[in-house]
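J.: Residue numbers (my numbering): 14 to 577. We put the CB at the ideal spot given by N, CA and C, even for glycine.
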RNA sequence: UCCCGGGUGGUGUAACGGUAGCACAACCGCCUUUGACGCGGUCAGUCAUGGUUCGAAUCCAUGCCCGGGAGCCA
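#1: In angstroms with no decimal places, state the Cα-to-Cα distance between residue 23 and residue 245.
#2: Considering only residues of the same chain and omitting the five flanking positions on each side of residue 228, which have a CB-CB separation below 8 angstroms?
#3: May I have the straight-line CA-CA distance separating residue 156 from residue 203, to the nearest angstrom?
#4: Kindly list the residues whose CB is nearer than 6 angstroms to the CB of residue 321, restricted to its own chain and excluding five residues on each side of it in sequence; keep chain order.
#5: Within 10 angstroms of the Cβ of residue 17, are there 16 or more other Cβ atoms? Answer buried if so, exposed if not.
#6: Apply the 10 Å Cβ neighbour rule to residue 521 and answer buried if 16 or more other Cβ atoms are within range, or exposed otherwise.
#7: By the three-class DSSP mapping on this structure, what secondary structure does residue 30 have?
#8: Would a C-beta distance cut-off of 9 angstroms place residue 384 and residue 407 closer than the cut-off?
#9: May I ask which residues mark the beginning and end of the beta strand (DSSP E) holding residue 155?
#10: Anyone know if the C-beta pair for residue 304 and residue 286 falls short of 9 angstroms?
#11: Using a Cβ distance threshold of 8 angstroms, determine whether the segment 357–377 contacts the segment 306–313, with at least three qualifying pairs required.
#12: Tell me whether the beta-carbon of residue 573 lies closer than 9 angstroms to the beta-carbon of residue 412.
#13: Does the segment 278–293 come close enough to the segment 155–169 that 3 or more CB-CB pairs lie under 8 angstroms?
#14: Work out the CA separation of residue 297 and residue 468 for me, nearest whole Å.
#15: Could you check if residue 579 is buried or exposed, using at least 16 other CB atoms within 10 Å of its CB as the buried criterion?
#16: Alpha carbon to alpha carbon, how far is residue 280 from residue 62? Give it in angstroms, no decimals.
#17: Quick one: what does DSSP say residue 216 is sitting in, helix, strand or coil?
#18: Whole angstroms is fine: what's the gap from residue 129's alpha carbon to residue 52's?
#19: Would you tell me roughly how many angstroms separate the C-alpha atoms of residue 355 and residue 416, rounded to the nearest one?
#20: Compare the beta carbon distance of residue 58 and residue 323 with 9 angstroms and say whether it is the shorter of the two.
#21: Is the beta carbon of residue 536 closer than 9 angstroms to that of residue 557?
#22: Express the C-alpha separation of residue 189 and residue 562 in angstroms, rounding to a whole number.
#23: Could you say if the segment 525–532 and the segment 543–553 meet the contact criterion of at least three C-beta pairs nearer than 8 angstroms?
#24: I'd like to know whether the C-beta atoms of residue 379 and residue 390 end up nearer to each other than 9 angstroms.
#25: Among 64, 21, 88, 400, which has the Cα closest to the Cα of residue 216?
#26: Let me make sure I understand the geometry here. Which of 240, 333, 346, 138 has the alpha-carbon closest to that of residue 207?
#27: Roughly how many angstroms lie between the CA atoms of residue 306 and residue 91, to the nearest whole one?
#28: Name the DSSP bridge partner or partners of residue 135?
#29: So, residue 43 versus residue 334, is the Cβ gap smaller than 9 angstroms?
#30: Let me check one thing: in DSSP terms, what residues is residue 435 bridge-paired to?
#31: Relative to the C-alpha of residue 443, which candidate in 473, 459, 362 has its C-alpha closest?
#32: Going by DSSP, what residues sit across from residue 540 in a beta bridge?
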């Protein structure tokens, strides 16, 4: 599918201006800089798609760089999953996979340079004291008593910090800027802290680690990034980003902030996701209900649809909430064109065609995809005893009910027009069997006399159907806005109750016995499904519902209670 | 209280100072061998007040409202 020309946004205006002025020599080079401390979710996907998309659009380059400057939170497991997710999303970093930790020596050397210039000092204040002397918005802080140490003493102390002579938290290296600066970030920010922790890549080589503000601009500078795109909360850090680079006099990228866009009914807080995994509310980070990139992938989302969604949702500096429908719509648009249609019955009720010869079987020809004739046709076996979806039959029809109900003709898709004549019930009054007659003249579903049939329903032959232990993961993650948690609602309790449903009675079209895990179908009227590549075994598919179809009937029922 | 951002229909986003458009949602109708999809239509918006201008969503001023910021996290 052709990727549409991205619509204009403020970032592209900035880049266009830089290109026009020759600021970066006509280059565009972006990056995605995750800290490997968790799995990527839909929010990160937006950033990856934005950054790599910009690089692609301007025929520039895109880097993947791990901002692994805090060893206490980072793990190799996260590195691996992030690489996989970035690639899957189409973030083509080629051979440009970098780690901030590989720059530690260069950063250290630069820090020494700042010390020599009198722009940084070793401070013996502890965290509590630093916090107290920083001051508050609108009120100046106080200079550290160690602020005026000699360069020689700073050099000595900083080197000994590195050698590991001091315990965690005892000293820091701080930039010497201005304790009265209106921007708190400029009040002598900490550049290095002492942390005797094992780094996932550097081992115990270092016991001092750079802070984000010190490290990030240098990383961008070293990689010759042109446009360093980050989220809004870093806007207050930009003066510091610029300050460090200016003091060093090195290559100076431009930081641009944009608003992170959340999606209604999706939980993206790392803390909450971790909680769901840890407390086993889900089966793991890649549980199909999770909004993680790997979870979405396993649910059956496509990278292309995610890209289309980002393009659709746009980009700005206004924090907002995108409706989940925009995402679903992007997916539906793609799946409509690409998913083969197949018949399945998740909650079956038996139908017997009383006038259909016992023991007879016919092969019905079905379109694989009515929107794509190239997708061809397939044969589906038909016989006297069938299953249809329980919801497609109502003994007492509500108003405007077009499906199967006593006395009303309905079309079995690609098969015959049938009419319900009677029902069989068990002692409890439940319908166990629907008895119909079929019209032999309507094979294929066409009425030779041209009579109009309002309803068309799907079916499977009881004798031929594949009975598989279908498990269904549903699409929506929480019914309630996850932010309501703050108001005392438990988002976990509000997870869609159908989000993980075992369907032991499900019957599938026999062709699905050979269904390859990892393929998508549209089950007529039920939605788009994905055969879970992780859990499916031959003949025993586990389906994730990728997107549901719009259900007009449900809306009629809702609006008009009499319809029920 | 100080600093930085930002306010365009229900939601999200466009519009060299020149017809306020697009998508999603909702609603109505048409079509339909998926009540899906598709097609047509409807509803609905520039935070406020001044100023500059032939002309302002856009430039200026003031006000109001919203978001972010006081980690040795990123």
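T.: For this structure:
#1: Taking the first chain and counting its residues from 1, one reaches residue 23 at position 10. Taking the first chain and counting its residues from 1, one reaches residue 245 at position 232. About 14 angstroms.
#2: On the first chain, position 215 is the one that residue 228 refers to. Closer than 8 angstroms at the Cβ level, and outside the excluded window around residue 228, lie 80, 82, 113, 116, 120.
#3: Against the first chain, residue 156 aligns to sequence position 143. Against the first chain, residue 203 aligns to sequence position 190. Spanning the two alpha carbons is a distance of roughly 13 angstroms.
#4: Counting from one through the first chain, the residue named residue 321 turns up at place 308. Here the set comprises 343.
#5: By 1-based counting over the first chain, the position of residue 17 is 4. With a pLDDT of 45 at residue 17, under the threshold of 50, the predicted position of this residue should be treated as unreliable, though the coordinate-derived value follows. Exposed, by the Cβ-count rule.
#6: Taking the first chain and counting its residues from 1, one reaches residue 521 at position 508. Buried, since its Cβ has 16 or more Cβ neighbours within 10 Å.
#7: Here residue 30 refers to the residue found at position 17 of the first chain. It is helical.
#8: The residue you call residue 384 lines up with position 371 of the first chain. The residue you call residue 407 lines up with position 394 of the first chain. Not in contact: residue 384 and residue 407 (Cβ atoms no closer than 9 angstroms).
#9: Sequence index remark: in the first chain, residue 155 carries index 142 (1-based). Note, residue 155: premise wrong, no beta strand (DSSP E); not H, not E.
#10: Counted from its first residue, the first chain places residue 304 at position 291. Counted from its first residue, the first chain places residue 286 at position 273. Closer than 9 angstroms, so yes.
#11: no
#12: For the purposes of this step, residue 573 is taken as the residue at position 560 of the first chain. For the purposes of this step, residue 412 is taken as the residue at position 399 of the first chain. Cβ atoms of residue 573 and residue 412: closer than 9 angstroms.
#13: no
#14: Residue numbering aside, residue 468 sits at position 455 when the first chain is read from its first letter. Residue numbering aside, residue 297 sits at position 284 when the first chain is read from its first letter. Their backbone Cα atoms lie some 41 angstroms apart in a straight line.
#15: Only positions 14 to 577 of the chain appear in this structure, which leaves residue 579 out of reach.
#16: Taking the first residue of the first chain as position 1, residue 62 is located at position 49. Taking the first residue of the first chain as position 1, residue 280 is located at position 267. Distance between the alpha carbons of residue 62 and residue 280 is about 20 angstroms.
#17: Position 203 of the first chain holds residue 216. Reduced to three states, the DSSP call for residue 216 is strand.
#18: Reading the first chain from its first residue, position 116 is the one you call residue 129. Reading the first chain from its first residue, position 39 is the one you call residue 52. Their backbone Cα atoms lie some 40 angstroms apart in a straight line.
#19: Along the first chain, read from residue 1 onward, the residue named residue 355 stands at position 342. Along the first chain, read from residue 1 onward, the residue named residue 416 stands at position 403. The straight-line gap from Cα to Cα measures roughly 19 angstroms.
#20: Stepping through the first chain from its first residue, residue 58 is reached at position 45. Stepping through the first chain from its first residue, residue 323 is reached at position 310. Result yes, Cβ atoms of residue 58 and residue 323 sit closer than 9 angstroms.
#21: The residue labelled residue 557 in the question sits at position 544 within the first chain. The residue labelled residue 536 in the question sits at position 523 within the first chain. No; because the gap between Cβ atoms is not below 9 angstroms, this pair is not in contact.
#22: Stepping through the first chain from its first residue, residue 562 is reached at position 549. Stepping through the first chain from its first residue, residue 189 is reached at position 176. Looking at the two C-alpha atoms, the distance is approximately 60 angstroms.
#23: yes
#24: As a first step, residue 379 must be located in the first chain, where it is residue number 366. As a first step, residue 390 must be located in the first chain, where it is residue number 377. Going by C-beta atoms, residue 379 is nearer than 9 angstroms to residue 390.
#25: As a working mapping, residue 216 is identified with position 203 in the first chain. The option with the nearest alpha carbon to residue 216 is 88.
#26: For this step, residue 207 is matched to residue 194 along the first chain. Residue 207 has its Cα closest to that of 138, out of 240, 333, 346, 138.
#27: Numbered from 1 along the first chain, position 293 holds the residue referred to as residue 306. Numbered from 1 along the first chain, position 78 holds the residue referred to as residue 91. Cα to Cα, the separation comes out at about 12 angstroms.
#28: Here the question's residue 135 lines up with position 122 in the first chain. Paired residue(s): 186.
#29: Here the question's residue 43 lines up with position 30 in the first chain. Here the question's residue 334 lines up with position 321 in the first chain. Not in contact: residue 43 and residue 334 (Cβ atoms no closer than 9 angstroms).
#30: Counting from 1 along the first chain, the entry for residue 435 is found at position 422. Its beta-bridge partners are 448.
#31: Stepping through the first chain from its first residue, residue 443 is reached at position 430. Looking at the Cα atoms, 362 is the closest of the given residues.
#32: Counting from one through the first chain, the residue named residue 540 turns up at place 527. According to DSSP, residue 540 bridges with 536.
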